[in-house]
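Some notes on the structure that comes next.
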Amino acid sequence: GIGGSTGSAAFMSDAPVASYVDGVYVARTVIPTTNLQDVESIQVLRGPQGTLYGRNSTAGAVLLTTKRAHQEFEAEVFAGYARFDEINVGAIVNGALTDTLSARAVIAYSDKAGFGINTNDGSNVNGSQDLTARLSLNFEPSDELSFDLIAELYHRKAQPGLIALSTIEAGAGTTNPYVLRPDLDQVIADREYSALEANRSDSKTYAVTLLGAWDLDAVSIHSITGYRNLDFQGAQDTDNTPLFLFRNEAPIQSKQFSQELRLESNNDGPFSWILGGFYFAETMNISARVRLARSLAGLGVDANVVSEQKTNAVAIFGDGTYELTEKLSLTLGWRYSYEQKTFNTDRFDRTITAGTVPGGPFAGTYAAGEIWRDAPFFESQASYKDFSPRAVLDFQASEDVFLYASYSQGFKSGGFNTFTPNDGFGPESITAYEIGFKSEMMDNRVRLNGAAFYNKYSDLQIRSSDSAFNTRILNAGVARAQGAELELSFAVTEHLTISGNVAYLDAEFTNAVIRAVPSTIGVVSAGQRLGEISQDVSGNKLPRSPEWQSYLNVSYERPVGSVIMGLNATYKYQDDVFYLETNQDVNTFVGEAWSEIDLRLEISDPDDMWEVAIYGQNVTNNRRLSFAATFGGFPTGVVSEPAKWGIETVFRF
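Here the sequence shown is numbered in this note's numbering, starting from 29 and rising by one per residue.
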């Protein structure tokens with residue numbers, strides 16, 4: 029299923045779940061799914077996508093399509109308010125400019141004060157301010173030819189909150205940092221944070237996309253051209269305490285250009301096919317700064333790293349389906365990829381305060397702000413190539429039952445680590461098998477789908493934070509994930525629909541050794557570097573891989589007087605998970621099993637001219653750690669959002 033090895037991982041690595049916006053591959057994204065505006069569809073593809081969406085998609089792909097401009101006039105305004113002073117407003121207008129040219133404009137703004145309080149300065153935590161503006165033009169000079177030009181701005185400011193999971197004290201030190209702080213449950217319940225300086229981020233994304241389609245008699249030609257510019261400024265109080273121990277800043281800029289051309293068959297015969305080519309180029313720059321107040325004999329270290337990475341990737345791919353019989357068809361596909369990455373970095377370290385280092389390679393007396401280490405300029409280049417095939421056998425067993433079996437391979441390129449450039453990482457590969465069925469019963473009132481899968485990872489890339497305060501990507505070895513899913517939708521009556529899903533996953537390392545901090549350390553000084561060991565994690569669970577997940581949705585809608593009333597209730601459950609590959613013998617990095625209930629009541633006009641909804645999310649107020657990680661060996665966590673109630677209104681013209 030969707031998930032995978034590294035998530036967003038280190039700065040210059042690639043996520044295992046590929047993201048596409050209007051057909052354009054997006055290497056770096058900061059847009060939360062909850063802030064998407066004027067979206068036509070969101071499609072989730074599970075497992076490796078070896079052909080059409082195959083760049084770095086070992087764990088799946090998410091395809092987001094925004095609404096296109098068209099000739100008919102439409103307009104709407106929307107507004108909402110929710111708990112914690114959350115405000116959402118926006119407007120959409122669409123219409124014809126000429127007989128062949130249409131335009132669509134969207135603007136939306138949201139402001140969330142945040143559900144946490146920083147007890148150190150009284151500021152709000154976990155807030156955000158988001159601005160989205162999009163202009164889409166559709167030009168159709170003929171029935172066979174069309175173009176869509178989409179220009180978008182997305183600006184997000186956020187005040188993310190992290191909590192320290194262990195107790196860190198000034199001077200005397202702390203107990204074993206892998207023992208949870210005794211007041212953790214109370215801190216989570218009270219929504220309390222205690223950072224010396226507020227965490228902050230500020231990101232701006234500019235994007236331009238040009239889509240072209242030319243429909244000929246036997247074939248159609250599709251072109252997807254995209255340019256994106258991301259500017260990100262972020263700062264984090266990494267120890268998440270009132271002490272000045274660790275803090276990092278990471279201004280990032282990414283500029284990417286991509287071009288894809290596809291040739292698709294239009295014939296009515298038994299064979300249909302797609303051929304295509306893909307080009308991608310990205311330049312990424314980072315100016316990272318990490319301040320370690322207690323390092324270098326107490327003088328403190330102000331570490332600065334300036335890095336640049338250039339990526340050039342090309343691919344050719346093909347996919348063909350042949351109908352062997354009226355009920356049986358075979359699809360074969362392939363993708364050949366070649367990527368080249370050029371990386372360089374400069375590093376220099378300054379002292380924070382004046383003083384003397386009594387011994388060691390850096391012995392001496394230093395002034396405040398003096399460069400005490402100037403690492404040599406590092407530059408390197410690496411290239412990666414891969415051939416990923418796929419095969420699918422489809423069988424229409426009956427009018428209501430469809431069966432399939434698939435085999436596919438996926439590839440994610442290697443790269444360089446920003447803070448440890450000599451310690452690069454190699455590509456990751458996956459081989460996936462899946463069988464499944466889709467069925468309809470009772471005059472299509474019941475839909476039942478099921479699937480079982482087996483995935484094998486080789487040279488699995490994982491995110492690792494060592495005791496020297498470096499975050500890097502490592503190749504961990506071999507892992508496998510196997511499981512099954514069952515999905516049901518039942519239209520009980522004309523007004524009542526019940527749907528649900530249950531998924532089982534067994535994911536673990538089969539052969540892997542990783543560097544780790546020992547689970548039992550003893551008392552250490554605040555800011556002290558912790559020792560490391562090599563840990564055999566064979567048999568350990570893959571992180572963020574719950575054994576069981578499920579949801580149940582009940583939806584009821586019917587006319588009441590002159591309006592339409594809808595009721596919706598959703599129950600979600602997730603089993604416990606580990607957040608680290610290592611140290612699974614302690615409870616510090618375990619996310620406990622949880623369940624949530626969401627409710628929604630909606631009243632709308634029969635002609636769809638307006639609607640008003642009140643809703644509740646996580647109405648039982650389940651509070652938990654939704655993520656945990658380490659920095660310098662000290663555990664840090666993210667807390668889930670508490671219960672929230674709100675109202676939404678939409679008026680259309």
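Glycine included, each C-beta is placed from N, C-alpha and C at the ideal position.
*Would you list, in sequence order, the uninterrupted alpha helix (DSSP H) runs of no fewer than 4 residues that lie entirely inside the stretch 381-428?*
none
*Compute the distance between the beta-carbons of Phe376 and Ile399, then report whether it is under 8 Å.*
Position 348 of the sequence shown, counted from the start, is the residue given in the question as residue 376. Position 371 of the sequence shown, counted from the start, is the residue given in the question as residue 399. Cβ atoms of Phe376 and Ile399: closer than 8 Å.
*Assuming Gly88 contacts Val45 (C-beta within less than 8 Å), just tell me the rounded distance between them.*
In the sequence shown, the residue the question calls residue 88 occupies position 60. In the sequence shown, the residue the question calls residue 45 occupies position 17. Contact holds; Cβ gap of about 5 Å.
*Leu129 versus Phe106, Ala309, Ser164, Val605, residue with shortest Cα-Cα distance*: Along the sequence shown, one-based indexing puts residue 129 at 101. Ranking the options by Cα distance to Leu129, first place goes to Ser164.
*What residue range is occupied by the uninterrupted beta strand (DSSP E) comprising Val318?*
In the sequence shown, residue 318 corresponds to position 290, counting from 1. Looking at the DSSP string, the run of the beta strand (DSSP E) that includes Val318 is 299-320.
_Since Asn483 and Arg508 should fall inside the 8 Å C-beta cutoff, what is the C-beta to C-beta distance between them, to a whole number of angstroms?_
Taking the sequence shown and counting its residues from 1, one reaches residue 483 at position 455. Taking the sequence shown and counting its residues from 1, one reaches residue 508 at position 480. 6 Å between Cβ atoms; contact.
*Please state if the CB of Ala544 and the CB of Asn611 are separated by a distance shorter than 8 Å.*
Position 583 of the sequence shown, counted from the first residue, corresponds to residue 611. Position 516 of the sequence shown, counted from the first residue, corresponds to residue 544. In this structure, Ala544 lies closer than 8 Å to Asn611 by Cβ.
*Ignore the nearest five residues each way along the sequence and tell me which others in Thr269's own chain have a CB closer than 8 Å to its CB.*
What you label residue 269 is simply residue 241 of the sequence shown in a count that begins at 1. Closer than 8 Å at Cβ, skipping near neighbours: Ala192, Ile196, Ser222, Ala223, Leu224.
*asked:* Please tell me whether Glu620 and Gly75 are closer than 8 Å, where the distance is taken between their beta carbons.
replied: The residue given as residue 620 occupies position 592 in the sequence shown. The residue given as residue 75 occupies position 47 in the sequence shown. Their beta carbons are not under 8 Å apart, which means Glu620 does not touch Gly75 by this criterion.
*Give the DSSP-derived three-state secondary structure of Ala226 in the structure shown.*
To locate residue 226, count along the sequence shown from 1; it is residue 198. Ala226 falls in the coil class under three-state DSSP.
*Going by the CB atoms, is the gap between Thr658 and Ile625 shorter than 8 Å?*
By one-based count along the sequence shown, residue 625 stands at place 597. By one-based count along the sequence shown, residue 658 stands at place 630. No.
*May I ask you to verify whether the stretch 342-360 touches the stretch 299-307, counting CB pairs closer than 8 Å and requiring at least 3?*
yes
_Per-residue DSSP class, three states only, for Val215_ = The count along the sequence shown starts at 1 and reaches residue 215 at position 187. Three-state DSSP puts Val215 in a helix.
*asked:* With a threshold of 8 Å between beta carbons, is Phe390 in contact with chain C?
replied: Note that chain C does not occur in the displayed structure, where there is just one protein chain.
*Could you give the C-beta distance for Gly142 and Phe167, rounded to a whole number, given that I count them as a contact under 8 Å?*
Translated into the one-based positions of the sequence shown, residue 142 becomes position 114. Translated into the one-based positions of the sequence shown, residue 167 becomes position 139. Rounded, the Cβ-Cβ distance is 43 Å, inconsistent with contact.
*Are there 16 or more other CB atoms within 10 angstroms of the CB of Ile501, so buried, or fewer, so exposed?*
Within the sequence shown, numbered from 1, the residue matching residue 501 stands at position 473. So Ile501 counts as buried.
*Put Gln281 into one of helix, strand or coil per three-state DSSP.*
Against the sequence shown, residue 281 aligns to sequence position 253. DSSP places Gln281 in strand when its eight states are reduced to three.
*For Ser416 and Gln437, the rounded distance between their alpha carbons*: Residue numbering aside, residue 437 sits at position 409 when the sequence shown is read from its first letter. Residue numbering aside, residue 416 sits at position 388 when the sequence shown is read from its first letter. Their Cα atoms are separated by approximately 5 Å.
*Assuming Gly674 contacts Glu114 under a Cβ cut-off of 8 Å, what Cβ separation, rounded to an integer in Å, is found between them?*
By one-based count along the sequence shown, residue 674 stands at place 646. By one-based count along the sequence shown, residue 114 stands at place 86. Right, their Cβ atoms sit about 7 Å apart.
*Best match in Lys140, Asp243, Met469 for proximity to Asn152 [C-alpha to C-alpha]*: The sequence position of residue 152 within the sequence shown is 124, counting from 1. The shortest C-alpha separation from Asn152 is found at Lys140.
*Keeping to the same chain, check which residues put their C-beta closer than 6 Å to that of Phe106; ignore five residues upstream and five downstream.*
Walking along the sequence shown from the start, residue 106 turns up at place 78. Only Gly118, Val678 meet the Cβ criterion.
*Excluding five sequence neighbours on each side, which residues of the same chain lie with their C-beta closer than 6 Å to the C-beta of Val54?*
By one-based count along the sequence shown, residue 54 stands at place 26. Cβ neighbours of Val54 beyond the five flanking positions: Ser47.
*asked:* Across the stretch 357-370 and the stretch 335-344, are there enough close Cβ pairs to call them in contact, namely three or more that are closer than 8 Å?
replied: yes
*Where DSSP assigns a beta bridge to Tyr461, which residues make up the other side?*
Sequence index remark: in the sequence shown, residue 461 carries index 433 (1-based). Answer by DSSP bridge pairing, in chain order: Tyr435, Tyr482.
_beta strand (DSSP E) segment containing Asn116, residue limits_ = For the purposes of this step, residue 116 is taken as the residue at position 88 of the sequence shown. Element bounds for Asn116: 114-124.
*For Arg586, is the classification buried or exposed, using 16 other Cβ atoms within 10 angstroms of its Cβ as the cut-off for buried?*
As a working mapping, residue 586 is identified with position 558 in the sequence shown. Exposed.
*Could you check how far apart the C-beta atoms of Glu515 and Asn477 are, in whole angstroms? I think they sit under 8 Å.*
What you label residue 515 is simply residue 487 of the sequence shown in a count that begins at 1. What you label residue 477 is simply residue 449 of the sequence shown in a count that begins at 1. The Cβ separation is near 5 Å, so the contact holds.
_Proximity below 8 Å, CB of Asp230 to CB of Lys185_ = Within the sequence shown, residue 230 is the residue found at index 202, counting from 1. Within the sequence shown, residue 185 is the residue found at index 157, counting from 1. Contact: yes.
*Please check the pair Thr86 and Ile458, which I expect to be a contact at CB under 8 Å, by giving their CB distance rounded to whole angstroms.*
Here residue 86 refers to the residue found at position 58 of the sequence shown. Here residue 458 refers to the residue found at position 430 of the sequence shown. Thr86 to Ile458, Cβ: 5 Å. Contact.
*CB-CB under 7 Å to Leu212, same chain, minus the five flanking residues each way: which ones, in chain order?*
The residue given as residue 212 occupies position 184 in the sequence shown. Closer than 7 Å at Cβ, skipping near neighbours: Leu193.
*May I have the straight-line CA-CA distance separating Val215 from Leu73, to the nearest angstrom?*
Within the sequence shown, numbered from 1, the residue matching residue 215 stands at position 187. Within the sequence shown, numbered from 1, the residue matching residue 73 stands at position 45. So the alpha carbons of these two residues sit roughly 38 Å apart.
*My guess is that Ala410 and Ala396 are in contact by the Cβ rule of under 8 Å, so how many angstroms apart are they, rounded?*
Residue 410 sits at position 382 when you count from the first residue of the sequence shown. Residue 396 sits at position 368 when you count from the first residue of the sequence shown. With 8 Å as the limit, Ala410 and Ala396 do not qualify as a contact, their Cβ atoms being about 39 Å apart.
*beta strand (DSSP E) containing Glu336: first to last residue?*
For the purposes of this step, residue 336 is taken as the residue at position 308 of the sequence shown. From DSSP, the beta strand (DSSP E) with Glu336 extends over 329-351.
*Option nearest Thr147 by Cα separation, candidates Asn116, Asn84, Glu220*: Residue mapping note: residue 147 aligns to position 119 of the sequence shown, counting from 1. Thr147 has its Cα closest to that of Glu220, out of Asn116, Asn84, Glu220.
_Give me, in chain order, the residues of the same chain whose beta-carbon lies closer than 7 Å to that of Val247; leave out the 5 immediate sequence neighbours on both sides._
To locate residue 247, count along the sequence shown from 1; it is residue 219. Within the same chain, Val247 has close Cβ partners Leu291, Glu292, Ser293, Asn294.
*asked:* Report the CB separation of Thr682 from Thr253 in whole angstroms; it is logged as a contact under 8 Å.
replied: The chain is shown only over 29 to 681; residue 682 falls outside these bounds and no answer can be derived.
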